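The numbering of the sequence shown is the working numbering, which starts it at 338 and goes up by one.
C-beta: ideal position from N, C-alpha, C; glycine also.
Keep in mind the model is a prediction, meaning the values are calculated, not measured.
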Amino acid sequence: MKRLALLGASGHGKVVADAALAGGWGAVEFFDDAWPQRQSNGPWPVTGDSAALLARLQEFQGVIVSIGDCAVRWAKHQTLQAAGAPLVTVVHPAAVVSPHAVLGAGTVLMAGAVVNIDAVVGQAGIINTGATVDHDCRLGDAVHICPGAHLSGHVQVGHGSWVGVGAAVKQGMILGERVMVGAGAVVVQAVSDGLTVVGNPAVLKGAGKT
Numbered sequence: 338m339k340r341l342a343l344l345g346a347s348g349h350g351k352v353v354a355d356a357a358l359a360g361g362w363g364a365v366e367f368f369d370d371a372w373p374q375r376q377s378n379g380p381w382p383v384t385g386d387s388a389a390l391l392a393r394l395q396e397f398q399g400v401i402v403s404i405g406d407c408a409v410r411w412a413k414h415q416t417l418q419a420a421g422a423p424l425v426t427v428v429h430p431a432a433v434v435s436p437h438a439v440l441g442a443g444t445v446l447m448a449g450a451v452v453n454i455d456a457v458v459g460q461a462g463i464i465n466t467g468a469t470v471d472h473d474c475r476l477g478d479a480v481h482i483c484p485g486a487h488l489s490g491h492v493q494v495g496h497g498s499w500v501g502v503g504a505a506v507k508q509g510m511i512l513g514e515r516v517m518v519g520a521g522a523v524v525v526q527a528v529s530d531g532l533t534v535v536g537n538p539a540v541l542k543g544a545g546k547t
């Protein structure tokens, strides 16, 4: 029986666990740094913290970080990678992934997600429920495309960026690193590193206010 360890006992973690079990993993086990105060995550027990997981890596056929925060997820992913953890991808069976797309280790695809031909998703990414990544997109590491968000073809998204629920990004746009795109925003211009944009069309948060 294939066993998957998940680091991060959160609501997002429950969705990752559900996707993993639907996708053929035999059992999941949660670890979280809030243990022992946090003893369970939905129907699954939390059995230890990060140190406990590192001590038990040999017991699992796969390990993944199930934390929504991009910076924290990336830091934990790097720690596990350095320790030689068997980092895997988790793809819900109701997701659609082109055989000509590339998914980095530690990336998760939820139900209804689509990743089309020649798209590349970096390590520790999240393509959430009903989100789409169209042809020839390039996503850096630790990117989160939230539920119902859509990237048109040839979009580039930098490391650690977050595209909010229901957002849309026009074909060919470039989003820098650590960009935040607000829920429902429509991105029709490039966004530089570290900026937050909101609205339709998307503008810098706070722009035009006095």
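Query	Result
Can you list, in chain order, the residues of its chain with a C-beta nearer than 7 Å to that of V352? Leave out the 5 residues immediately preceding and following it.	M447
For Q493, which beta-bridge partners are listed by DSSP?	R475, I511
Measure the alpha-carbon distance for Q508 versus W499 and round it to whole angstroms.	17 Å
Excluding the five sequence neighbours on either side, which residues of its own chain have a C-beta within less than 7 Å of the C-beta of A389, listed in chain order?	F368
Mind the definition here: the region 439-446 touches the region 460-475 only if three or more C-beta pairs lie below 8 Å; say whether that holds.	yes
Report yes if the CB atom of V528 is closer than 7 Å to the CB atom of V534, and no otherwise.	yes
Using a Cβ-Cβ distance under 7 Å, would A357 count as near chain D?	The structure shown contains no chain D; it holds only a single protein chain.
Pop quiz: I404 and G363 are said to be a contact at Cβ under 8 Å. What is the actual Cβ separation, rounded to whole angstroms?	That pair is no contact at about 23 Å.
Which residues mark the beginning and the end of the beta strand (DSSP E) in which R340 is found?	340-344
Determine the burial state of I482: buried for a count of at least 16 other Cβ atoms within 10 Å of its Cβ, exposed for fewer.	buried
Can you tell me where the alpha helix (DSSP H) with G350 in it begins and where it stops?	348-359
If distances are taken between C-alpha atoms only, which option among L391, T426, H429 comes closest to A419?	L391
Can you tell me the Cα-Cα spacing of G467 and G421, whole angstroms?	32 Å
Under a three-way DSSP split, which group does W372 fall into?	coil
Would you kindly work out how many angstroms separate the C-alpha atoms of L532 and P484, rounded to a whole number?	21 Å
Smallest Cα separation from V506: which of V516, D455, H487, A520?	H487
Which of the three DSSP states is assigned to H429 in this structure?	coil
Whole angstroms are fine: how far does the CA of P373 sit from the CA of P382?	11 Å
Got a sec, what are the start and stop residues for the alpha helix (DSSP H) T416 sits in?	407-419
Do you know whose CA, among L358, N537, G350, H349, lies nearest K339's CA?	L358
If you reduce the DSSP assignment to three classes, tell me which class S377 lands in.	strand
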